[in-house]
DNA sequence: CAGGATCCCCCCCGATACTG
DNA sequence: CAGTATCGGGGGGGATCCTG
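Okay, structure coming up:
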């Protein structure tokens, strides 16, 4: 326990050139991965439940439009968070689910989400 | 290991009404908390380093404008992720740092950020 | 059923200029 | 130094209509 690490010392100590850089920030990619209003909710419902069809996702994620859902699904498939299973036939049947990485991300974020419980209500 | 949990079984089993809901999705608030292009980078530099002054943040987070930085800082202060320390005087001196919750979030996200290493390069 | 196409809007952000 | 004010652009999103 060094008193030099105290808040007052840190704030008043002039010898603190900021050596850290945001250039190698690993959170930047994570941010782009999760960009979009609905991405986290897609990750959530697929992670909590099971693989779902397009229509089910529309139902479960209340308020999302078909266009945006398609966009998000395409993007998340592209980045490797989800897979897409297309069964030919009439009517068509398309199912989406989390990849291994997607599942990891869901689990991690779920744990992280509990942190917000410590914050005052909005 | 039950074969009923296999992918084929899940996908072809019709008895799967989606009972999960996105209504209680705890990731929604997390998403709003981290919304904005620069929020994660602010969290990153403050979490990796030490409390920084406004000008230092502008320098370290390359490319951010004063306006957006101010917006993000105000918002993150409002949500309780960072604190703001204003020292009167000429020139003025304003320092920002992570709160306890902000630090927790940074640490969690940092661990989570490593998951993206498993994804193919963009 | 699972989308594609189109139009519009709003919010986030960038740039510039100015101030206590 | 640490912001504020203002203008303008772009992309994500909503609503509606259409299709394989």
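Protein chains in written order, with UniProt numbering: chain A, 1 to 122; chain B, 1 to 122.
Note that CB positions come from ideal geometry on N, CA and C, so glycine has one too.
Fill in: Beta-carbon proximity of residue 57 of chain B to residue 68 of chain B, cut-off 8 Å
No, Cβ-Cβ distance for residue 57 of chain B and residue 68 of chain B is not below 8 Å.
(Q) Please identify the residue among B/104, B/117, B/114, B/34 whose C-alpha is closest to the C-alpha of residue 111 of chain A. (A) B/104
Discussion item. Helix, strand or coil for residue 23 of chain B? Go by DSSP, reduced to three states.
Written reply: coil
To the nearest whole angstrom, what separates the beta carbons of residue 44 of chain B and residue 22 of chain A, a pair I think is in contact under 8 Å? 6 Å
Chain-ordered neighbours of residue 113 of chain A on chain B, where CB pairs are closer than 7 Å: Correct list: 26, 27, 30.
Who are the Cβ neighbours of residue 40 of chain A in its own chain at under 8 Å, not counting the five residues just before and after it? 34, 109
Next on the checklist: Is the beta carbon of residue 52 of chain B closer than 8 Å to that of residue 82 of chain B?
Outcome noted: no
Against chain B, does residue 120 of chain A count as a neighbour if the rule is that its beta carbon must be under 8 Å from one of theirs?
yes
Practice prompt. Measuring only between beta-carbons, confirm whether residue 103 of chain A sits less than 8 Å from chain B.
Written response: Contact with chain B is absent for residue 103 of chain A, since none of that chain's Cβ atoms lies less than 8 Å from the residue's Cβ.
| query | For residue 38 of chain A versus residue 61 of chain A, is the C-beta spacing smaller than 8 Å? | reply | yes
8 Å contact criterion, which residue 94 of chain B and residue 54 of chain B should meet: CB distance rounded: 5 Å
> What residues from chain B crowd round residue 22 of chain A, counting only those whose CB sits closer than 7 Å?
Replying inline: 41, 44, 45, 60, 61, 62
* Cα separation between residue 124 of chain B and residue 101 of chain A? -> Here chain B has residues from 1 to 122 only, and residue 124 of chain B is not among them.
Is residue 30 of chain A near residue 63 of chain B, with beta carbons less than 8 Å apart? no
Comparing alpha-carbon positions, which option in B/106, B/24, B/96 lies nearest residue 77 of chain B? Checking every option, the nearest Cα to that of residue 77 of chain B belongs to B/96.
According to DSSP, is residue 5 of chain B helix, strand or coil? The predicted position of residue 5 of chain B is uncertain, since its pLDDT is 47 and thus under 50; a value taken from the coordinates is nonetheless stated next. Correct three-state label for residue 5 of chain B: helix.
Min CB distance residue 71 of chain A to chain B below 8 Å
no
Would you decide whether residue 85 of chain B is buried or exposed? Buried here means 16 or more other CB atoms lie within 10 Å of its CB. exposed
| message | Suppose contacts are defined by Cβ-Cβ distances below 8 Å. Is residue 72 of chain B in contact with residue 36 of chain B by that definition? | response | In this structure, the beta-carbon distance from residue 72 of chain B to residue 36 of chain B falls below 8 Å.
Item to check | Residue range of the beta strand (DSSP E) that includes residue 108 of chain B | outcome: From DSSP, residue 108 of chain B is part of no beta strand (DSSP E) but of the alpha helix (DSSP H) over 100–113.
Looking only at its chain, what residues have a beta carbon closer than 7 Å to the beta carbon of residue 121 of chain B, apart from the 5 residues adjacent to it on each side? none
Notebook entry, point to check: chain B beta carbons: is any one of them nearer than 8 Å to that of residue 77 of chain A?
Noted result: no
Could you tell me whether the Cβ of residue 33 of chain A comes closer than 8 Å to any Cβ of chain B? yes
key: Residue(s) in a DSSP beta bridge with residue 64 of chain B   = Residue 64 of chain B pairs with nothing; no bridge assigned.
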